[in-house]
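Visitor:
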Amino acid sequence: MADDARRDGFGPRDGAPGSGRASKLHVEADRANGYGVHALRRIDGNAGRRGQTYAALDLGTNNCRLLIARPSDDGFRVVDSFSRIIRLGEGVSGSGRLGEAAMARALEALRICRDKMDLRGVSRTRTIATEACRAASNAGAFRSRVRDELGIDLEVIDRETEALLAATGCTPLIDAEASGVILFDIGGGSSEVVRMDSASIGRAGPRVRGWASLPVGVVTLAERHGGMHVSRASYAAMIADVSAHLAAFARDHGDDLAGLHLLGTSGTVTTIAGIHLELPRYDRRRVDGIWMSDEEITRTVERLVDMPYEDRVANACIGSERADLVLAGCAILDAIRRAFPCPRLRIADRGLREGMLLQMMREDGAIRAR
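Here the sequence shown stands for residues 943 to 1312, numbered as in our numbering.
Below is the structure:
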């Protein structure tokens, strides 16, 4: 969200439902504080890797996002970024295919990303695609077109990998005093939910006890139930829809929540935080890492549900591109809150891209856990 204005990363500021094995989903990140990954540092003897520039590109159902960074003493420093709402998955839930207009929007955004990577001299890149490209029957042809026209080879990741990357990117925001966390990532075409133990357990980071990928996101849910003008009955139907997909995971992992908190990453939760803070315009530095109580979330969501579509469009933290999707996101959030009634939610304006960057830098020996 508002990522084109972002110039700070984890380092110094610069200008179908699935369930996985915990053994595979083991998050490779140490505990850190606040807004920076202070548990990470460069390896002193590897000067060649330090100077590399890395890029992480996430082509989602709703957004195309890019983060370019270099290793630094406290993790990495973001040198460039890009985010654009493209709605690649528009209509896929009904037609099973990516539309021509949606693919054109994606190609335009990807071209900008390619040019930014070229300009910054990126030496290692990971480019992923998620639910829209998992679901669409013509995704293979689209990927070939992207490769032929732009030289970008999109990797369609599975849902387990998506959950792992989100968890890796958000781990620094887990409260060190908490007994664990319910992490969730509300996407455009799918939503991932992960239960993790405390971030202070072991050098390898928190253990993932279980995960689920729900085949509902803000785009698919809004297309199914409506997004512009949402009645209370329609909103309740959205929550029920999501709850049905979440039920099995909640039965297995929704007990013994004492000492846990929620940790959310998505445009939905950052929008809710911006509205809660009464920001005149979205500001990542004000949002990433803040805490909201259950009561504060409820008040803000109720305000959004009662807000006419035109007022949502006019709100600087929502805007015309999200105005018809934000209530679907709120419904997904409410379903998660009902299944996992924790008293606190921490807001993360970070996730998949940060997880990709951390993985690549660790693989290259550019950073390591202390």
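Backbone N, C-alpha and C define an ideal beta-carbon position, used for all residues, glycine too.
Buried or exposed for residue 963, going by 16 or more other Cβ atoms inside 10 Å?
Guide: Numbered from 1 along the sequence shown, position 21 holds the residue referred to as residue 963. Confidence in residue 963 is poor, its pLDDT being 38 and thus under 50, which makes the residue's placement unreliable; the coordinate value appears in the next sentence. That one is exposed.
Visitor: Which term fits residue 1233, buried or exposed, when burial requires 16 or more other beta carbons within 10 angstroms of its beta carbon?
Guide: Translated into the one-based positions of the sequence shown, residue 1233 becomes position 291. By the 10 Å Cβ count, residue 1233 comes out exposed.
Visitor: Measuring CA to CA, which of 1294, 1057 and 1305 is closest to residue 1000?
Guide: Taking the sequence shown and counting its residues from 1, one reaches residue 1000 at position 58. Answer by Cα proximity: 1294.
Visitor: Which residues in the same chain have their Cβ closer than 7 Å to the Cβ of residue 1053, if we skip the five residues on either side of it in sequence?
Guide: In the sequence shown, counting from the first residue as 1, residue 1053 sits at position 111. The answer, listed in chain order, is 1092.
Visitor: What does a CB cutoff of less than 6 Å around residue 1034 pick up in its chain, not counting 5 residues either side in sequence?
Guide: Numbered from 1 along the sequence shown, position 92 holds the residue referred to as residue 1034. Only 1074, 1077 and 1078 meet the Cβ criterion.
Visitor: Within a Cβ cutoff of 6 Å, which residues of the same chain sit near residue 1065, ignoring the five residues on either side of it in sequence?
Guide: Position 123 of the sequence shown, counted from the first residue, corresponds to residue 1065. Taken in chain order, the residues that qualify are 994 and 995.
Visitor: Please classify residue 940: is it buried, with 16 or more other beta-carbons within 10 angstroms of its beta-carbon, or exposed?
Guide: Because the chain in this structure spans residues 943 to 1312, residue 940 falls outside the shown range and cannot be described.
Visitor: Would you kindly report the start and end of the unbroken alpha helix (DSSP H) that includes residue 1003?
Guide: Your numbering for residue 1003 matches position 61 in the sequence shown. Careful: residue 1003 lies outside any alpha helix (DSSP H) and carries neither H nor E.
Visitor: If I'm right that residue 1275 touches residue 1210 with Cβ under 8 Å, what's the distance once you round it to whole angstroms?
Guide: Taking the first residue of the sequence shown as 1, we reach residue 1275 at position 333. Taking the first residue of the sequence shown as 1, we reach residue 1210 at position 268. That pair is a contact at about 6 Å.
Visitor: What span of residues does the beta strand (DSSP E) with residue 1045 cover, start to end?
Guide: Position 103 of the sequence shown, counted from the first residue, corresponds to residue 1045. Segment 1042-1061 is the alpha helix (DSSP H) holding residue 1045; no beta strand (DSSP E) there.
Visitor: Reducing DSSP to helix, strand and coil, say where residue 1293 ends up.
Guide: Reading the sequence shown from its first residue, position 351 is the one you call residue 1293. In the structure shown, residue 1293 sits in coil (DSSP, three-state: anything other than H, G, I, E or B).
Visitor: Comparing alpha-carbon positions, which option in 1291, 1156 and 1015 lies nearest residue 1072?
Guide: For the purposes of this step, residue 1072 is identified with residue 130 of the sequence shown, where counting begins at 1. Comparing Cα positions, the closest option is 1156.
Visitor: What residue range does the beta strand (DSSP E) around residue 1172 cover?
Guide: Position 230 of the sequence shown, counting from 1, holds the residue named residue 1172. Element bounds for residue 1172: n/a, residue is neither H nor E.
Visitor: In this structure, does DSSP put residue 1092 in helix, strand or coil?
Guide: Walking along the sequence shown from the start, residue 1092 turns up at place 150. Looking at residue 1092 - three-state DSSP - the assignment turns out to be helix.
Visitor: Beta-carbon within less than 6 Å of residue 1291's beta-carbon, same chain only, minus the 5 sequence neighbours each way: which residues are those?
Guide: Sequence index remark: in the sequence shown, residue 1291 carries index 349 (1-based). Answer for residue 1291: 1212, 1226, 1229 and 1230, listed in chain order.
Visitor: Put residue 1119 into one of helix, strand or coil per three-state DSSP.
Guide: Within the sequence shown, the letter at position 177 stands for residue 1119. The answer is coil: DSSP assigns residue 1119 none of H, G, I, E or B.
Visitor: Quick one: what's got a C-beta closer than 7 Å to residue 1195's C-beta in the same chain, skipping five residues either side?
Guide: If you number the sequence shown from 1, residue 1195 lands on position 253. Once the five neighbours on either side are set aside, the close Cβ partners of residue 1195 are 1137, 1151 and 1152.
Visitor: Along the chain, where does the beta strand (DSSP E) containing residue 1207 start, and where does it finish?
Guide: What you label residue 1207 is simply residue 265 of the sequence shown in a count that begins at 1. Residue 1207 -> beta strand (DSSP E) spans 1202-1207.
Visitor: For the beta strand (DSSP E) that contains residue 1277, what are its first and last residues?
Guide: Position 335 of the sequence shown, counting from 1, holds the residue named residue 1277. Per DSSP, residue 1277 belongs to no beta strand (DSSP E); it is in the alpha helix (DSSP H), 1268-1281.
Visitor: For residue 976, does the three-state DSSP call read helix, strand or coil?
Guide: On the sequence shown, residue 976 is found 34 positions in, with the first residue counted as 1. Note that residue 976 has pLDDT 32, beneath the 50 cutoff, so the model's placement of it is unreliable and the number below is only indicative. Coil at residue 976, not helix or strand.
Visitor: So, at 7 Å on beta carbons, what are the nonlocal neighbours of residue 976 in its own chain, with the 5 sequence-adjacent residues on each side left out?
Guide: In the sequence shown, residue 976 corresponds to position 34, counting from 1. Unreliable positioning characterises residue 976 in this predicted model, as indicated by a pLDDT of 32, which lies under 50. The coordinate reading is nonetheless provided below. Taken in chain order, the residues that qualify are 1231.
Visitor: Starting from residue 1156 and walking both ways along the beta strand (DSSP E), at which residues does that stretch end?
Guide: Reading the sequence shown from its first residue, position 214 is the one you call residue 1156. 1150-1156 is the extent of the beta strand (DSSP E) around residue 1156.
Visitor: Do residue 1126 and residue 1240 count as a contact pair if the criterion is CB distance below 9 Å?
Guide: Translated into the one-based positions of the sequence shown, residue 1240 becomes position 298. Translated into the one-based positions of the sequence shown, residue 1126 becomes position 184. Result no, Cβ atoms of residue 1240 and residue 1126 do not sit closer than 9 Å.
Visitor: Just confirm the distance between the C-beta atoms of residue 1184 and residue 1273, as a whole number of angstroms; I'd bet it's less than 8 Å.
Guide: The residue given as residue 1184 occupies position 242 in the sequence shown. The residue given as residue 1273 occupies position 331 in the sequence shown. Indeed, because the Cβ distance is near 6 Å, the residues count as touching under 8 Å.
Visitor: Would you say the beta carbon of residue 1043 comes nearer than 8 Å to a heavy atom of the ligand ATP?
Guide: As for the ligand ATP, it is missing from this structure, which has no ligand bound.
Visitor: Taking contact to mean 3 or more Cβ pairs, one atom from each stretch, closer than 8 Å, check whether the region 1254-1271 and the region 1159-1166 are in contact.
Guide: yes
Visitor: Tell me which residue opens and which closes the beta strand (DSSP E) that residue 1071 is part of.
Guide: Within the sequence shown, numbered from 1, the residue matching residue 1071 stands at position 129. 1066-1071 is the span of the beta strand (DSSP E), which, as asked, contains residue 1071.
Visitor: I'd like the list of long-range same chain contacts for residue 1011, defined as Cβ closer than 7 Å, with 5 residues on each side in sequence excluded.
Guide: Translated into the one-based positions of the sequence shown, residue 1011 becomes position 69. Closer than 7 Å at the Cβ level, and outside the excluded window around residue 1011, lie 951, 996, 1018, 1019, 1020, 1021 and 1299.
Visitor: Is residue 1221 helix, strand or coil when you go by DSSP?
Guide: Along the sequence shown, one-based indexing puts residue 1221 at 279. Residue 1221: coil per DSSP, three-state reduction.
Visitor: Go to residue 1027, then tell me how far its beta strand (DSSP E) extends in each direction, as first and last residue.
Guide: On the sequence shown, residue 1027 is found 85 positions in, with the first residue counted as 1. 1017-1027 is the span of the beta strand (DSSP E), which, as asked, contains residue 1027.
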